[in-house]
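These notes are about the structure you will find just below.
2 protein chains.
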Amino acid sequence: MTKSTDELDAVHRSNQMWGKRPDMIVRGRLPFNAEPPPSVLAGNEITAVDTFYARNHGPFPDIPADQWRLSIDGRVDKPLTLTYDELTTDFEQHSVVATLACAGNRRAELLAVRPIPGKDPWEHGAISTAEWRGVRLADVLAAAGVRREDGLHVEFLAPDVAQEARPVQSYGSSIPLSKAMSEEVLLAWQMNGQPLPRAHGGPVRVVVPGYIGARSVKWVTTITVQPAPSENYFQALDYRILPPEADADTIPEGEGISLSSLPLNCDILVPTDGEPVTAGALTVRGWAIAGDGHSVERVDVSIDGGHSWRQADLRPAASPWAWSLWSLTVDVEPGPLSITARAWEDTGVTQPESPASLWNPRGYGNNAWAHITASAI
Amino acid sequence: MTKSTDELDAVHRSNQMWGKRPDMIVRGRLPFNAEPPPSVLAGNEITAVDTFYARNHGPFPDIPADQWRLSIDGRVDKPLTLTYDELTTDFEQHSVVATLACAGNRRAELLAVRPIPGKDPWEHGAISTAEWRGVRLADVLAAAGVRREDGLHVEFLAPDVAQEARPVQSYGSSIPLSKAMSEEVLLAWQMNGQPLPRAHGGPVRVVVPGYIGARSVKWVTTITVQPAPSENYFQALDYRILPPEADADTIPEGEGISLSSLPLNCDILVPTDGEPVTAGALTVRGWAIAGDGHSVERVDVSIDGGHSWRQADLRPAASPWAWSLWSLTVDVEPGPLSITARAWEDTGVTQPESPASLWNPRGYGNNAWAHITASAI
Chain A
0 MTKSTDELDA VHRSNQMWGK RPDMIVRGRL PFNAEPPPSV LAGNEITAVD
50 TFYARNHGPF PDIPADQWRL SIDGRVDKPL TLTYDELTTD FEQHSVVATL
100 ACAGNRRAEL LAVRPIPGKD PWEHGAISTA EWRGVRLADV LAAAGVRRED
150 GLHVEFLAPD VAQEARPVQS YGSSIPLSKA MSEEVLLAWQ MNGQPLPRAH
200 GGPVRVVVPG YIGARSVKWV TTITVQPAPS ENYFQALDYR ILPPEADADT
250 IPEGEGISLS SLPLNCDILV PTDGEPVTAG ALTVRGWAIA GDGHSVERVD
300 VSIDGGHSWR QADLRPAASP WAWSLWSLTV DVEPGPLSIT ARAWEDTGVT
350 QPESPASLWN PRGYGNNAWA HITASAI
Chain B
0 MTKSTDELDA VHRSNQMWGK RPDMIVRGRL PFNAEPPPSV LAGNEITAVD
50 TFYARNHGPF PDIPADQWRL SIDGRVDKPL TLTYDELTTD FEQHSVVATL
100 ACAGNRRAEL LAVRPIPGKD PWEHGAISTA EWRGVRLADV LAAAGVRRED
150 GLHVEFLAPD VAQEARPVQS YGSSIPLSKA MSEEVLLAWQ MNGQPLPRAH
200 GGPVRVVVPG YIGARSVKWV TTITVQPAPS ENYFQALDYR ILPPEADADT
250 IPEGEGISLS SLPLNCDILV PTDGEPVTAG ALTVRGWAIA GDGHSVERVD
300 VSIDGGHSWR QADLRPAASP WAWSLWSLTV DVEPGPLSIT ARAWEDTGVT
350 QPESPASLWN PRGYGNNAWA HITASAI
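So the protein sequences, as listed, match chains A and B.
Under numbering that gives the first Met the number 0, the residues of the first sequence are numbered 0 to 376, in order.
Under numbering that gives the first Met the number 0, the residues of the second sequence are numbered 0 to 376, in order.
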């Protein structure tokens, strides 16, 4: 696909406007959606802010920190409204290294099976890792006198308006109270030691490690503790695994499996699809991540389509909520090259083989074996 | 395979001796190992005691209740020795409906890929569900003044001697203290309202819902809280997912992935492999179970090899630790019949497709799509 000079200029300007490196692959300019080329993610436990993927549903709110307010209401005994100063000075501060991933990362492989209208063709880059700093959501909820009843949910609302929602509405979602009270869940105002950029939810966002990125609501302004999951479009209708035969346009609210924790998954970042490589010793690099609360125990790499495997060198993850980077040097013959990788969790579980068996009408949750093809010269 | 009358008599006698129905498929007489034919498991949330699979590593200890003692020691402030009377009267009693499954259930499908020497060819029946009654392990550990340090493990030892172990030793295993303190983990002396039979660990066994059956130690007599997992053969060497290229006979202790929580899995119980069925409406029945702490959200059934799927009717599970039974009536043409099923977890995760990609040297953890072939007349 070739792009006109005007288009390339516009892409370049949008990357520049949001502090992104010029080689980000822009999936949409408004709302701004972009992913880094896979090779620039490789080998770095922490993704630079200018490289971190951007996944958005509306234009970015522009909220000066001194005008930002956060309301906490619902099933709480002492509803609160906090200013930025109060949030950042009244509670103990914590940092967590956490990988965020869009539920649609690796959708391109599902698209190759069957079309998925209206959804961006994310390839390998809708996943990144940062060190987030802020306060525990649990501490803020406790200050509001949160009720500890079974089955409660915590809804996050933000002012960014999503034209794609039916009806048009601002963005929101929810997580179970049990997860919200876990120590890794933050209200964050720093990313890699810098003030949280507007493009990443500044002044303050939610960070829900271990869950799909869609639950880490940016520009959060309202938190409601309630007896049921959010009725927001992005919780009740989108971000669900629908059965393959379902019609995404007419399916009623609440159908399908609502996404929450990330599945066991891995991907190959170097080399990437179609990249010419030199025959001989080739170092394959990638990431692996386990489901919420689990760890990656092993990553296997195959250059014969899964007939035989070798174990990759697996770096310890920076935190229980971060990806594990892996690499393996293989010997490559000239000619077509096929590389497959799969991860194993601490429970002995591994990934499904093929995107074909995971295809779903909205193209979420692809955690099939990682696979790329290239050629060696 | 035909068996001599003598063999059939011996099988019949061993089933009778241990209170099992005569049609149990006996995998070994000493130690006694047997699984029910799949059809008798179908449709029953609770498995009758005479039908419940038996998986053992040594001859059954014969411990009268009044001579049974349980020692609790290690990282506890008040080491305890309890009698049966004390265990059954000094603590609050609880019941839990829990499915136990052998980590080697469905090994026959892995064996069809490549040989697995020295391991029983369990088919569809090394899984059953009972209502267990006893006291919480957490309450007993609390009475012993268990230390609440991070990273501790709880080892269970029993007097049954396993000739297969290297060196020969009595059976033991361990679970993390965090799981041991969970309310579902019991020291049980009743099964489906009856005193726990000797064949199932009577007078008292551990029941660890959500974990592989091997951790639910029968005839338990010693519980030790310790800083590392058990060094018993069955924890340190067996019950691990080894990489496919490993040599199970020479691999050192601690290699491979130690099994703990059961993986997302399902199976077809009716019809079963090779069973002739009548063309027309056919009700397919089976079970599905999710990983520890999760639930089954959907079961798909295919009669065209996974090309198209229909959703099965899924009965609510009797507890978070029990299987979910499912059924679906399909229309069957005369001729060869292939039925495939797969389950989806509440996180949107589904099972790997093929046993070939899960083959491992000890044949554990097969959670590939369920598959049977038969013929319709």
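Where a beta carbon is used, it is the ideal one built from N, C-alpha and C, also for glycine.
Nothing here was measured: the structure is a model prediction, and the numbers come from that model.
Per-residue DSSP class, three states only, for residue 212 of chain B: helix
Element boundaries [alpha helix (DSSP H), containing residue 65 of chain B]: Per DSSP, residue 65 of chain B belongs to no alpha helix (DSSP H) and is neither H nor E.
Endpoints, alpha helix (DSSP H) assigned at residue 14 of chain A: 4-16
Among B:84, B:245, B:183 and B:53, nearest to residue 121 of chain B - alpha-carbon criterion: B:53
Residue 29 of chain A in three-state terms, based on DSSP: coil
Helix, strand or coil at residue 51 of chain A according to DSSP, with G and I counted as helix: coil
Endpoints, beta strand (DSSP E) assigned at residue 170 of chain B: 168-175
Beta-carbon neighbours of residue 308 of chain B, restricted to chain A and to distances below 8 angstroms: 242, 243 and 244
DSSP-derived helix/strand/coil call for residue 421 of chain B: In the structure as shown, chain B begins at 0 and stops at 376. Residue 421 of chain B is therefore absent and cannot be evaluated.
Backbone secondary structure at residue 198 of chain A - three-state DSSP: helix
Residues that residue 275 of chain A bridges to, as DSSP identifies them: A:374
Nonlocal neighbours in the same chain, by C-beta distance under 6 angstroms from residue 269 of chain B, ignoring five residues either side: 38, 41 and 284
Distance between residue 151 of chain B and residue 336 of chain B (C-alpha atoms, nearest Å): 50 angstroms
Residue 7 of chain A burial status per 10 Å Cβ neighbour count (16 or more: buried): exposed
Same chain, Cβ closer than 6 angstroms to residue 163 of chain A, five either side skipped, listed in chain order: none
Sheet register partners of residue 35 of chain B (DSSP bridge): Beta-bridge pairing links residue 35 of chain B to no other residue.
Cβ distance (whole Å) where residue 322 of chain A is taken to contact residue 313 of chain A below 8 angstroms: Incorrect: roughly 11 angstroms between the Cβ atoms, too far for contact.
Environment of residue 167 of chain A [buried if 16+ CB atoms lie within 10 Å]: exposed
Pair within 8 angstroms by beta-carbon distance, residue 240 of chain A and residue 207 of chain A: no
CA-to-CA distance, residue 72 of chain A to residue 108 of chain B, given in whole angstroms: 54 angstroms
Collapsed DSSP secondary structure at residue 139 of chain B in the structure displayed: helix
Start and end residues, beta strand (DSSP E) containing residue 159 of chain A: 152-161
C-alpha gap between residue 190 of chain A and residue 192 of chain B, whole angstroms: 56 angstroms
Run of the alpha helix (DSSP H) containing residue 327 of chain B, from where it starts to where it stops: Segment 323-331 is the beta strand (DSSP E) holding residue 327 of chain B; no alpha helix (DSSP H) there.
Proximity of residue 339 of chain B and residue 305 of chain B at Cβ, strictly below 8 angstroms: yes
Identity of the residues DSSP links to residue 266 of chain A by a beta bridge: A:286
Min CB distance residue 343 of chain B to chain A below 8 angstroms: yes
Close Cβ partners of residue 61 of chain A (< 7 angstroms) along its chain, the five nearest in sequence each way excluded: 197
According to DSSP, residues forming a beta bridge with residue 129 of chain B: B:97
Beta-carbon gap between residue 263 of chain A and residue 348 of chain A smaller than 8 angstroms: yes
Which of helix, strand or coil DSSP assigns to residue 243 of chain A: coil
CB contact below 8 angstroms: residue 288 of chain B versus chain A: no
Buried or exposed (CB count within 10 angstroms, at least 16 for buried), residue 128 of chain B: buried
Contact check, residue 302 of chain B vs residue 369 of chain B, beta carbons under 8 angstroms: no
Own chain residues within Cβ distance below 7 angstroms of residue 65 of chain B, not counting five before or after: 83
Other residues of its chain near residue 105 of chain B: CB distance less than 6 angstroms, five sequence neighbours each side excluded: 365
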